[in-house]
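**Q** When you line the sequence shown up against mature numbering (1 follows the signal peptide of the UniProt record, and there is no 0), it's residues -16 to -1, 1 to 924, in that order. Ideal placement from N, C-alpha and C gives every residue a C-beta, glycine not left out. Have a look at this one.
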Amino acid sequence: MAMTAVALVHVAPALAQEAATPQDGTQALASNQIVVTGTRVVRDGFKSPTPLTVMTQEAIQNQSPTNNIADLINQMPALAGSTRPSNSRLAISSGLAGINTMNLRNLGEVRTLVLLDGRRSVGSTITGLVDINTFPQALVKSVEIVTGGASAAYGSDAVAGVVNYVLDKKYEGFKVNADTGITDKGDGFNYSFNAAIGKSFADGRGHILLSGEYAHKDGIFEVDRDWNQLGYRTVANTAAAIAAGGPASLVVSGAGTWNTTPGGIIRSQVGGTTSLRGIYFGQSGTARQYQFGSLSDSSQTVGGDWEVNDTSRNIGLDAQDDRRGVFGRLSYQLTDWLEVYGEASYNWNKTLFNAGPQAATMTLTGDNAYLINALGSAALAGVTSVTLGTSASDLPYRKNNSTREVQRYTIGAGGEFQMFGNKAVWDAYGQYGRTDTHELLRDIMNTSRMALATDAVFAPAGNALGVAAGTIVCRSSLTSPTNGCVPLNRLGTGVASQAAIDYVLGDPYRDQTFKQTVAGINLSTTPFATWAGDVSVAIGGEYRKEEVSGYVPTEYQSGWSVGNFRPTFGSYNVKEAYVETVIPLGLGAEFNGAARLTDYSTSGTVTTWKAGLTWQPIPDILLRGTRSRDIRAPNLNELFQSGTSRTNTFGTNASAYGKYAGATFRELTTGNLALKPEKADTLTLGGVLQPRFAPGLSISVDWFRTKVKDAIAQFYADDIAQRCNEGIESFCAAIVADPLGERDYYVTASPFNFAQVKVRGIDYAVNYNLPMDRLFNNGSSSSLTLNGTATNYLENLVDNGISVPVDTVGQNSGQSSTPKWIFRMSATFDTPTYSITAVGRGVSSGTYNNTYIVCTTDCPTSTAANPTINNNHVDGTFYTDLNLTTKIKVGGYDGQLFFNITNLFDKDPILLPETGLSANSTYSDLLGRAFRVGVRFKTN
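Below, the structure is given as structure tokens:
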């Protein structure tokens, strides 16, 4: 068993050697030399000034809540706000559906660099995000998390840090893993199978490695959980109550959305003497009067018929997921200083999820045939039109059905030789990656066809269609009898014909291909020594090219309720060179410095650097600090997005909009080739305590602060006009007179280097490994391992240059928010015959929105910047997981039977007073208690 399940490396040579693993299998290193994530230097007992956490293979096996490693790694407190299938359910057309990403410090996934064996991997999205689902799960030996800027070592994107998945490239033997699981509600059934085989040949000079995996997870397409049926909502207070000093908003239970119902509800009317407001349509179109509750605003009601609306119950809870992959590696030691290798992998992933009902607002004219049939002509006397809201239960739910295929091919060489009388380690590689995505949106509303089909009337005698008088037809077909329109009844449930549904819905899609070509060379050596010790130096260079191409059929580029994709094309390349050194200063101190020069084909040259210091005054204590300048270059989407177009009118406030006030505009959302890399300054200060009087105990504390300037943010027409009115020329250049003359202005809505981000906090970690023999002196080989990690987030401030900056720390309302505390702890008792692991994890309580002012009486005036509310509290949570493993032998196989319970006490998720899914899907367990059972076998 590894010394620790979550190891703090760099705290002492012994622990570092046990916990850290080589990044690259090309290096034939001595057993006491290590290569660790965050540095390119290969050096005995190197203690990096940048904090590094390692999750070992055994910890992954004992603690993973699912058969996907990413679900475990995203529990780590340093990772906050990561995109996962559970919180990307409604990202129907963003390209993120179903993926597993990493988000360190909640600075955004695009500012976290994900590596596979120390090398970049081709992105699974146009923003360059790497889907962890595509990594060979059976061969992951450890996961190393660097929390601190690492651009000087690895280049762009390593602003918040690096997550490196390290493979067991020299594995010998055969192993197989199989498991299956289900929630205690009887849904979410899943299973997985993976196997790996590794074999040396030619007297150990050659090695071959193969692995394969298959996994399936049922989707949960409806939310039949008790916690989502409480009607926990935020409603607007009455004007009278606000005038009397009450808050503008109230958080209540037993409330629901009244302005949409499964079969439609009338919100308002034009004309007529009989009020139709609140009439809703049920089974077979039966009309009923909605009973409003004790308090109603424009969309919510408290009490009454609040449960009629079914939207919150018909949003998918989890995606269906199918994935399979293969990986192969062949290496051969040609000489003592040269090993060559090749790798190839292929991964296929398909997800399907329910993005919710086709909720819509519609206007029907007074002569609508279905309206007349439902209410009668008398009730509609004098009515010109009615406006209704519907969640359209007769229509299939919107779905995303995305497929991704990821290929990676690598060839490389490396080894070690003598230089300056000392050992030098080198490696060189070339890599090609390709991702093909097919993003299929199913059952999506065609807005123009829906408008035609909804406008249904009785056919007059002698009509051009040749149908009997009184037949319900599309009004448009009376003048265009060959337009193919099929009338759609939207008043009630069980009333829409399949032909009409087929007419108004479609399956738009886009195909995209992302390509990445990388070549790199690295050399680490010790050229000389000073009185204080050896000076180590690493140098290297890298070339990388990123490309995107796309295809969208013309008919799917506009006219749909969501999607409206346009194909994107573009590419850029980058050339880089770096140098890094470790210089002993004496008295237990070491300096670590690095610099990287980077040349982008789109934005020119930029320099990044790092300066760090460690000091070990006594063997028990290590003090460390790092200051770095890091970058994030604009990605393919920000540079080349083809975007969408729309028309609208600017606001009328002359002081805000200046000459643009009230003008019409045509807007095209595009990329911006003038973007520059974001620049980030990170400072970390901390220390590690390993007291000699308590062998096996490690305690670390690290303070961090990252400031990002020139952060890239997307701006739209209204924002651009207001910034131009403030005199910012780069925004004025985006507004010109409409060359087509259709509108007053033509606006290019692009991302700009205009925002700023600041994150600050403190990391804590405690690890203790206690062999039972040390405690009882009985020769026992059993051990107890205790681990605890926590992050206290102190600040997460985003200034987009438009709205008032808001610090989201302590705000528990969603993916962009950051709880004050995120924590995780584990205890493993391991014996030769069994092991037991318990995990506790959770977040602290917080607010729903940090801008709210809480009051019940004598409230101040509620403003857009600081609204008033009666309750701004959001609970925290604490979950408990349990793993039981029995170790067995069958023939020549070492085996394990394991049983895992996630959310042992079936604790509800963090509830939020929102419509739809009333829970925090980023920091909560949405599924409830779940079970997983499996088996592992291996030979050596």
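#1: Using a Cβ-Cβ cutoff of less than 6 Å, which residues in the same chain neighbour D747 once the five nearest sequence positions on both sides are dropped?
#2: Taking C-beta to C-beta, are V370 and I250 nearer than 9 Å?
#3: Work out the CA separation of D281 and G240 for me, nearest whole Å.
#4: I'd like to know whether the C-beta atoms of Q415 and R616 end up nearer to each other than 9 Å.
#5: What does DSSP give as the partner residues of F883 in its beta bridges?
#6: Sorted by chain position, which residues of the same chain lie with C-beta nearer than 7 Å to R66's C-beta, five sequence neighbours on each side aside?
#7: If we count Cβ pairs, one from each stretch, closer than 8 Å, do we get three or more for the segment 210 to 226 versus the segment 289 to 305?
#8: Between F807 and K125, what straight-line distance do the alpha-carbon atoms span, to the nearest angstrom?
#9: Name the two residues that bound the continuous beta strand (DSSP E) containing I395.
#10: Helix, strand or coil for G642, going by three-state DSSP, please let me know.
#11: Could you give the residue range of the alpha helix (DSSP H) that holds V788?
#12: According to DSSP, is A220 helix, strand or coil?
#13: If you check the beta carbons only, do S533 and Q482 fall under 9 Å apart?
#14: Restricting to runs no shorter than 4 residues, where is the alpha helix (DSSP H) found entirely within the segment 608 to 669?
#15: Is it buried or exposed for A701, if we count other Cβ within 10 angstroms and need 16 for buried?
#16: Would a C-beta distance cut-off of 9 Å place A353 and A440 closer than the cut-off?
#17: Since I believe L581 is in contact with T589 (beta carbons under 8 Å), could you give me their beta-carbon distance rounded to a whole number of angstroms?
#18: Give, in chain order, every unbroken run of the alpha helix (DSSP H) that is at least 4 residues long and sits entirely within the segment 757 to 841.
#19: Smallest Cα separation from L318: which of R189, T438 and A412?
#20: Am I right that N854 and G830 are in contact with their C-beta atoms under 8 Å? What's the rounded C-beta distance?
#21: Ignore the nearest five residues each way along the sequence and tell me which others in residue 925's own chain have a CB closer than 8 Å to its CB.
#22: Quick one: which unbroken beta strand (DSSP E) runs of 3-plus residues sit fully inside the segment 541 to 573? Chain order, please.
#23: Any chance the segment 431 to 438 sits against the segment 397 to 415, with 3 or more Cβ pairs inside 8 Å?
#24: Near G572, which residues of its chain fall below 7 Å by C-beta distance, leaving aside the five closest residues on each side in sequence?
#25: Among S819, T167, A199 and V143, which has the Cα closest to the Cα of N161?
#26: Note down, in chain order, each residue of its chain lying with its Cβ closer than 7 Å to the Cβ of L475, except the 5 sequence neighbours on either side.
#27: DSSP beta-bridge partners for R744?
#28: What are the residues that DSSP puts in a beta bridge with F311?
#29: Between which two residues does the alpha helix (DSSP H) harbouring L348 extend?
#30: With distances taken from CA atoms, which of I83, A749, G82 and G112 is nearest R95?
#31: Applying the criterion that 16 or more other CB atoms from any shown protein chain within 10 Å of the CB defines a buried residue, is F185 buried or exposed?
#32: Less than 7 Å between C-beta atoms, sequence neighbours within five positions excluded: which residues of the same chain meet that for Y818?
#33: F205 bridges to which residues according to DSSP?
#34: From R613 to T586, what distance separates their C-alpha atoms?
#35: Are there 16 or more other CB atoms within 10 angstroms of the CB of N467, so buried, or fewer, so exposed?
#36: Looking only at C-alpha atoms, which of A647, G627, G230 and S629 sits nearest to T636?
**A** Put simply:
#1: Position 763 of the sequence shown holds residue 747. Once the five neighbours on either side are set aside, the close Cβ partners of D747 are D686 and T775.
#2: Numbered from 1 along the sequence shown, position 386 holds the residue referred to as residue 370. Numbered from 1 along the sequence shown, position 266 holds the residue referred to as residue 250. A contact, by the Cβ cut-off of 9 Å.
#3: Against the sequence shown, residue 240 aligns to sequence position 256. Against the sequence shown, residue 281 aligns to sequence position 297. If I take the Cα positions, the gap works out to 11 Å.
#4: Position 431 of the sequence shown, counted from the first residue, corresponds to residue 415. Position 632 of the sequence shown, counted from the first residue, corresponds to residue 616. Between Q415 and R616, the CB-CB gap reaches or exceeds 9 Å.
#5: Taking the sequence shown and counting its residues from 1, the one referred to as residue 883 is at position 899. Beta-bridge analysis with DSSP links F883 to L868 and V917.
#6: In the sequence shown, residue 66 corresponds to position 82, counting from 1. At residue 66 the sequence reads Ser, which differs from the Arg that was named. Closer than 7 Å at Cβ, skipping near neighbours: N58, T85, M86, N87 and E93.
#7: Judged by Cβ distances under 8 Å, the segment 210 to 226 makes contact with the segment 289 to 305, as three or more pairs qualify.
#8: Counted from its first residue, the sequence shown places residue 807 at position 823. Counted from its first residue, the sequence shown places residue 125 at position 141. For F807 and K125, the distance between alpha carbons rounds to 24 Å.
#9: For the purposes of this step, residue 395 is taken as the residue at position 411 of the sequence shown. K383 to M403 is the span of the beta strand (DSSP E), which, as asked, contains I395.
#10: Along the sequence shown, read from residue 1 onward, the residue named residue 642 stands at position 658. If DSSP states are grouped into helix, strand and coil, G642 belongs with the helices.
#11: Taking the sequence shown and counting its residues from 1, the one referred to as residue 788 is at position 804. Segment: none, V788 is in no alpha helix (DSSP H) and carries neither H nor E.
#12: Translated into positions along the sequence shown, residue 220 becomes position 236. Reduced to three states, the DSSP call for A220 is strand.
#13: The sequence position of residue 533 within the sequence shown is 549, counting from 1. The sequence position of residue 482 within the sequence shown is 498, counting from 1. Result no, Cβ atoms of S533 and Q482 do not sit closer than 9 Å.
#14: Whole alpha helix (DSSP H) segments, 4+ residues: 620 to 624 and 638 to 641.
#15: Walking along the sequence shown from the start, residue 701 turns up at place 717. Looking at its Cβ environment, which holds 16 or more other Cβ atoms inside 10 Å, A701 is buried.
#16: The residue labelled residue 353 in the question sits at position 369 within the sequence shown. The residue labelled residue 440 in the question sits at position 456 within the sequence shown. A Cβ-Cβ contact shorter than 9 Å links A353 with A440.
#17: Walking along the sequence shown from the start, residue 589 turns up at place 605. Walking along the sequence shown from the start, residue 581 turns up at place 597. Indeed they touch by this definition, with Cβ atoms about 7 Å apart.
#18: Segments of the alpha helix (DSSP H) lying fully in the segment 757 to 841: there are none.
#19: Indexing the sequence shown from 1 puts residue 318 at position 334. With distances taken between Cα atoms, L318 lies closest to R189.
#20: Indexing the sequence shown from 1 puts residue 854 at position 870. Indexing the sequence shown from 1 puts residue 830 at position 846. Contact flag wrong, Cβ pair sits at about 17 Å.
#21: The chain is shown only over -16 to 924; residue 925 falls outside these bounds and no answer can be derived.
#22: 554 to 570, all fully within the segment 541 to 573.
#23: No, because fewer than three Cβ pairs between the segment 431 to 438 and the segment 397 to 415 fall closer than 8 Å, the two stretches do not touch.
#24: Within the sequence shown, numbered from 1, the residue matching residue 572 stands at position 588. So the qualifying residues of the chain are W599, Q600 and P601.
#25: Position 177 of the sequence shown, counted from the first residue, corresponds to residue 161. Taking only the C-alpha atoms, the option nearest N161 is A199.
#26: Translated into positions along the sequence shown, residue 475 becomes position 491. Contacts found: G247, G248, F265, G269, Y354, L355 and A358.
#27: What you label residue 744 is simply residue 760 of the sequence shown in a count that begins at 1. BP columns for R744 point to R689 and E779.
#28: Within the sequence shown, numbered from 1, the residue matching residue 311 stands at position 327. Beta-bridge pairing links F311 to S195 and S329.
#29: Working through the sequence shown from its first residue, we reach residue 348 at position 364. Going by DSSP, L348 is part of no alpha helix (DSSP H) but of the beta strand (DSSP E) stretching over A344 to T349.
#30: Here residue 95 corresponds to residue number 111 of the sequence shown, with the count starting at 1. Residue G112 is the option with its Cα nearest to R95.
#31: Numbered from 1 along the sequence shown, position 201 holds the residue referred to as residue 185. The residue is exposed, with fewer than 16 neighbouring Cβ atoms inside 10 Å.
#32: One-based indexing of the sequence shown puts residue 818 at position 834. In the same chain as Y818, and ignoring 5 residues on each side of it, the C-beta atoms closer than 7 Å to its own belong to T869, T870 and K871, in chain order.
#33: As a first step, residue 205 must be located in the sequence shown, where it is residue number 221. Under DSSP, F205 forms no beta bridge with any residue.
#34: In the sequence shown, the residue the question calls residue 613 occupies position 629. In the sequence shown, the residue the question calls residue 586 occupies position 602. R613 and T586: Cα-Cα distance of roughly 20 Å.
#35: For the purposes of this step, residue 467 is identified with residue 483 of the sequence shown, where counting begins at 1. Under the 10 Å beta carbon count, N467 is surrounded by fewer than 16 other beta carbons and is classified as exposed.
#36: Residue mapping note: residue 636 aligns to position 652 of the sequence shown, counting from 1. Closest option to T636, Cα to Cα, is A647.
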